Amino acid sequence: MSILLNNKTKMIVHGFTGAQGSFHAQQCIDYGSNIVGGVTPGKGGTEHLGKPVFNTAREAVKATGANASLIFVPPPFAADSILEAADAGVEVIICITEGIPVMDMVRVKKRLNALKAAGQKVTLVGPNCPGVITPGECKAGIMPGYIHKKGSVGVVSRSGTLTYEAVWQVTSQNLGQSTVVGIGGDPVQGMNFVDALTMFQADKQTEAVIMIGEIGGSAEEDAARYIKKEMTKPVFCFVAGKTAPPGRRMGHAGAIVEGNSGTHASKVEALKKAGATVVDNLSEIGAAVAAKLKAPKKAKAVKK
Amino acid sequence: MKLLEYEGKDVFARYGIPMQKRAGIVKIGESLDTLKLDGPGPWVVKAQVLAGGRGKAGGVKLAKTAAEARELTGKMLGMQMITHQTGGKPLTVEEVLVDEACDIAREIYISVVLDRKNSTPMIVASAEGGMSIEELAQTQPEKIIKLPVDVEAGLLDFQARQLAFDLNIPQKNFREFTAFARQLVRVFIDEDASLVEVNPLVITGDARLIALDSKIITDDNALFRHKAQAAKPDHEASEIEKEAKEIGINYIGLDGDIGCMVNGAGLAMATLDTVKMAGGDAANFLDVGGGANVDQITRAFQIILKDAKVKAVLVNIFGGIMKCDNIASGVVEASKKVKINVPLIVRLEGTNVKEGREILARSGIKIEQAGSLWEAAQKAVKAAR
Chain A
87 MSILLNNKTK
97 MIVHGFTGAQ
107 GSFHAQQCID
117 YGSNIVGGVT
127 PGKGGTEHLG
137 KPVFNTAREA
147 VKATGANASL
157 IFVPPPFAAD
167 SILEAADAGV
177 EVIICITEGI
187 PVMDMVRVKK
197 RLNALKAAGQ
207 KVTLVGPNCP
217 GVITPGECKA
227 GIMPGYIHKK
237 GSVGVVSRSG
247 TLTYEAVWQV
257 TSQNLGQSTV
267 VGIGGDPVQG
277 MNFVDALTMF
287 QADKQTEAVI
297 MIGEIGGSAE
307 EDAARYIKKE
317 MTKPVFCFVA
327 GKTAPPGRRM
337 GHAGAIVEGN
347 SGTHASKVEA
357 LKKAGATVVD
367 NLSEIGAAVA
377 AKLKAPKKAK
387 AVKK
Chain B
1025 MKLLEYEGKD
1035 VFARYGIPMQ
1045 KRAGIVKIGE
1055 SLDTLKLDGP
1065 GPWVVKAQVL
1075 AGGRGKAGGV
1085 KLAKTAAEAR
1095 ELTGKMLGMQ
1105 MITHQTGGKP
1115 LTVEEVLVDE
1125 ACDIAREIYI
1135 SVVLDRKNST
1145 PMIVASAEGG
1155 MSIEELAQTQ
1165 PEKIIKLPVD
1175 VEAGLLDFQA
1185 RQLAFDLNIP
1195 QKNFREFTAF
1205 ARQLVRVFID
1215 EDASLVEVNP
1225 LVITGDARLI
1235 ALDSKIITDD
1245 NALFRHKAQA
1255 AKPDHEASEI
1265 EKEAKEIGIN
1275 YIGLDGDIGC
1285 MVNGAGLAMA
1295 TLDTVKMAGG
1305 DAANFLDVGG
1315 GANVDQITRA
1325 FQIILKDAKV
1335 KAVLVNIFGG
1345 IMKCDNIASG
1355 VVEASKKVKI
1365 NVPLIVRLEG
1375 TNVKEGREIL
1385 ARSGIKIEQA
1395 GSLWEAAQKA
1405 VKAAR
């Protein structure tokens, strides 16, 4: 098991024939992801990277039975592509695009919530994220595939390269990942930490979770409440931005300390109180997970 | 982007928000004669800086006569101002706004913000304006009204009425207020703002409703559909920051002496944190982006080295899309182009890392390599001492 993606996932790529879309779709295909086609309005009926191109998401889903979308459409049009994928009935929509206006995402969230309330199954990941990967089964995003390894650690993060850093440490400890989810660095986004933690808690393959947060918003504090109430699996956290000056947006639109909210201290305190392990030094997160996951097994062996 | 008070008021004017009559704006080096001080007065002279707490720092003055208004304006231009929001650093007053003053019977706080948790715009208001909302939220949270607003419908009539009743708006100003509140929400949505604040909204002695101040922060991501705004100067960014932005590099100047070049915003933040943990201070936040090439890396080096405080440069790159051998070649080529006369510490990880490290080692350039971020940070701190 895993979350969001597995070897049965059939994926379409929006913005398939663009430079970004082409490059990363090829990387995903090389990794072994089942990309069944792409969407580029006006290029329907042609073929790209050996896969069919469709004018609309509806056509693509009808012809291929796709259940996941990977979006590389430029910022002014990306919100519309998310809604198009949802309208076509795609269940997992992963939006990589960076720089979508916040107000567009507010409108997208409103519509997705209405669809969900009407009973449709749809999950948005992103935007402004590296994507999702279930190692050995399906890569849907821009992460380097080779740093991952199939295993039992679930990873969820607001940042791209910071995720790679954590994943690489886990792999270097000879452990692996069940699924790695980049939820993105924007203030309004699809799934959040609590959604990912809920999925990891229910997933049999996942034994521990790494959560990489950053300053801004209150998603980490919400996660802390969930961890305290529901999580039985160990959670390891790092929160970036301890030294960031207030009021300045640190790259991600969501990473900004406004007034007294969204500070590093409040997030770390909430997570520690909830029983999560918070590392101050990012370079130690892999070792911390390894110490926990490797220790009980040794203890069992001793008991025998 | 943060707008100055008068820029925000220019936006308000387009939405019909009631304000005091403006006498003019004077920039450093401009003549004070451009001020239209032909009324009876008094006037209020306001320093245009991006920081709250101007009043206490001498940035807001009342002038009874036209001569006094000119004199105060002249004195305020070029003044160095430190408020509780400037982080101890002085801001130079480069522009001064002069408005007609009014007598204040009542002050109200009102703003529109993004409620991140519920992904919706939200009005935050209090019948007691004047002080900062952060202070009020801490001392008297029960006095803060929060009202979520639908992004497509805007503020509905019943919501506007409810808000007016909750704020005890007098009967005489009731319609004026509901119209004002609806328009304030329109500013937030239509201008793609992340904050629109009026503090204070006042009711004058002669019972007029007036927005006395403005604070608007716009969403940089939406600048493509606000061409006029995009063409305006970013008052908050320093010269180096502006230059970096033009070439697609995300740079924020900081106080330390270790220059940092990192790919990805999260990793860049974590790098600053790690430098601090190793006992040093970063000179900057710099995200070279996901697809940085030789040219980009060269320019990133040039930008980092423009800061005279920099005593060592730490490059931390996790090669995903960017392969490590390409990055290494970029670093080598860039360091040949740019004269780097401070120690250079490079930590590479990711795709083709072996090849990358070999390229750096064989280059003949003095580069200290590190295997982990922690090791790199320690080496950089040591080198900067």
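Sequence order for the protein chains is A and B. So my numbering is basically just the index in the first sequence, starting at one, shifted up by 86. So my numbering is basically just the index in the second sequence, starting at one, shifted up by 1024. Here a beta-carbon is modelled for each residue, glycine too, at the ideal position from N, C-alpha and C. Just so we're clear, the structure is a prediction, and the values are computed from it rather than from any experiment.
Taking 8 Å as the threshold (beta carbon to beta carbon), is V1312/B in contact with chain A? False, the Cβ-Cβ gap to chain A never drops below 8 Å.
Contacts of P187/A in chain B (Cβ-Cβ under 7 Å): Around P187/A, the beta-carbon contacts reaching into chain B at under 7 Å are D1216, D1243, N1245, A1246.
8 Å is my cut-off, CB to CB: does K235/A come that close to chain B? By this cut-off, K235/A is not an interface position.
Could you tell me which of V1337/B, G1153/B, E1124/B, E1260/B sits nearest to N1223/B, measuring between CA atoms? Restricting attention to V1337/B, G1153/B, E1124/B, E1260/B, the CA atom closest to the CA of N1223/B is found in G1153/B.
What is the C-beta distance between E184/A and N153/A, in whole angstroms, given that I count them as a contact (C-beta under 8 Å)? Rounded to whole angstroms, the Cβ separation of E184/A and N153/A is 25 Å, and the two are not in contact under 8 Å.
Thinking just about the alpha-carbon of each residue, which of F163/A, C224/A, G107/A, Q113/A is nearest to the one in D94/A? In the sequence under discussion, the amino acid at residue 94/A is Lys, which differs from the Asp named in the question. Of the candidates F163/A, C224/A, G107/A, Q113/A, the one whose C-alpha sits nearest the C-alpha of K94/A is C224/A.
Among all the DSSP beta bridges, which residues are the ones paired with R1046/B? Paired residues: D1123/B.
Nearest to K137/A by CA position, among Y232/A, K380/A, G107/A, L90/A, is which residue? Checking every option, the nearest Cα to that of K137/A belongs to G107/A.
Can you give me the Cβ contacts of E170/A inside the same chain, cut-off strictly under 6 Å, excluding the 5 residues immediately before and after it? When the five nearest sequence neighbours on each side are left out, the beta carbons in the same chain lying within less than 6 Å of the beta carbon of E170/A are those of A143, in order along the chain.
So is L1208/B in contact with chain A if we call contact Cβ pairs under 8 Å? False, the Cβ-Cβ gap to chain A never drops below 8 Å.
Inter-residue Cα distance where the pair is K386/A and L379/A: Only weak support exists for where K386/A lies, its pLDDT of 46 falling under 50; the value from the coordinates is given anyway. The alpha-carbon of K386/A is positioned some 12 Å away from that of L379/A.
C-beta atoms of G1304/B and A1408/B nearer than 8 Å: Contact: yes.
With DSSP run on the structure shown, which of helix, strand or coil describes E184/A? When DSSP states are grouped into helix, strand and coil, E184/A belongs to the coil group.
Determine the chain B residues that contact S155/A at a beta-carbon separation under 7 Å, and present them in chain order. In chain order: nothing, as chain B lies at least about 20 Å away.
Classify A1091/B: buried if its beta carbon has 16 or more other beta carbons within 10 angstroms, exposed otherwise. Per the 10 Å Cβ criterion, exposed.
For a cutoff of 8 Å on Cβ pairs, would you count L379/A as touching chain B? So, not an interface residue.
N1308/B - partner residues in DSSP beta bridges: Residue pairing by DSSP places N1308/B opposite G1277/B in a beta bridge.
Against chain B, with Cβ distances strictly below 8 Å, would V388/A count as a contact? With a pLDDT of 47 at V388/A, under the threshold of 50, the predicted position of this residue should be treated as unreliable, though the coordinate-derived value follows. Taking 8 Å as the CB threshold, V388/A stays off the interface with chain B.
Hey, would you say I38/A sits closer than 8 Å to L156/A, going by beta carbons? Chain A is shown only over 87 to 390; residue 38/A falls outside these bounds and no answer can be derived.
Under the rule that 16 or more other beta-carbon atoms within 10 Å means buried, what is Q1104/B, buried or exposed? Exposed, because fewer than 16 other Cβ atoms sit within 10 Å of the Cβ of Q1104/B.
Where M297/A meets chain B, residues with beta-carbon distance less than 9 Å: Those within 9 Å of M297/A in chain B number zero; the least Cβ separation is about 13 Å.
Where Q275/A and G340/A are concerned, what is the direct C-alpha to C-alpha distance, given to the nearest angstrom? Those two C-alpha atoms are separated by around 10 Å.
Which one of A1332/B, T1163/B, D1244/B, M1346/B has the shortest CA to CA distance from N1287/B? When each option's Cα is compared against that of N1287/B, the closest is M1346/B.
Take L1310/B as the anchor and find which of A1292/B, Q1162/B, Q1402/B, F1036/B has the nearest alpha-carbon. The shortest Cα separation from L1310/B among A1292/B, Q1162/B, Q1402/B, F1036/B belongs to A1292/B.
Would you please verify whether the beta carbon of K384/A is less than 8 Å from any beta carbon of chain B? For K384/A, the pLDDT reaches just 48, beneath the cut-off of 50, and the residue's location in the model is therefore unreliable, leaving the point undetermined.
Just to check my reading of the structure: K1033/B and E1118/B have Cβ atoms closer than 8 Å, yes? What is that Cβ distance to the nearest angstrom? That belief does not hold up - the Cβ atoms of K1033/B and E1118/B are roughly 17 Å apart, past 8 Å.
Quick check: the Cα distance between F163/A and I1193/B, rounded to an integer number of angstroms? Taking the straight line joining both Cα atoms gives about 42 Å.
Among the residues of its own chain, which have a CB less than 6 Å from the CB of V176/A, if the five just before and after it don't count? Residues S155 of the same chain have their beta carbon placed closer than 6 Å to that of V176/A, with the five preceding and five following residues left out of the count.
For H338/A, would you say it is in contact with chain B, using Cβ-to-Cβ distances shorter than 8 Å as the test? Interface with chain B (8 Å Cβ-Cβ cutoff): H338/A is included.
Using a 10 Å radius around the Cβ and a threshold of 16 neighbouring Cβ atoms, would you call P1257/B buried or exposed? With fewer than 16 other Cβ atoms within 10 Å, it is exposed.
Taking only beta-carbon positions, decide if E1152/B is within less than 8 Å of chain A. It does not: the Cβ of E1152/B has no partner Cβ on chain A nearer than 8 Å.
Quick check on DSSP: helix, strand or coil for R1381/B? Per DSSP, reduced to three states, the secondary structure at R1381/B is helical.
Determine which residues share a DSSP beta bridge with M97/A and list them. According to DSSP, M97/A bridges with I121/A, A154/A.
Chain B contact residues for S264/A, given Cβ-Cβ distances below 9 Å: Chain B residues near S264/A: none, gap ~20 Å exceeds 9 Å.
Cross-strand partners of A339/A (DSSP beta bridge): DSSP, once it has assigned bridges, lists no residue as partnering A339/A.
Check whether the Cβ of R1140/B lies closer than 8 Å to any Cβ atom in chain A. R1140/B counts as touching chain A.
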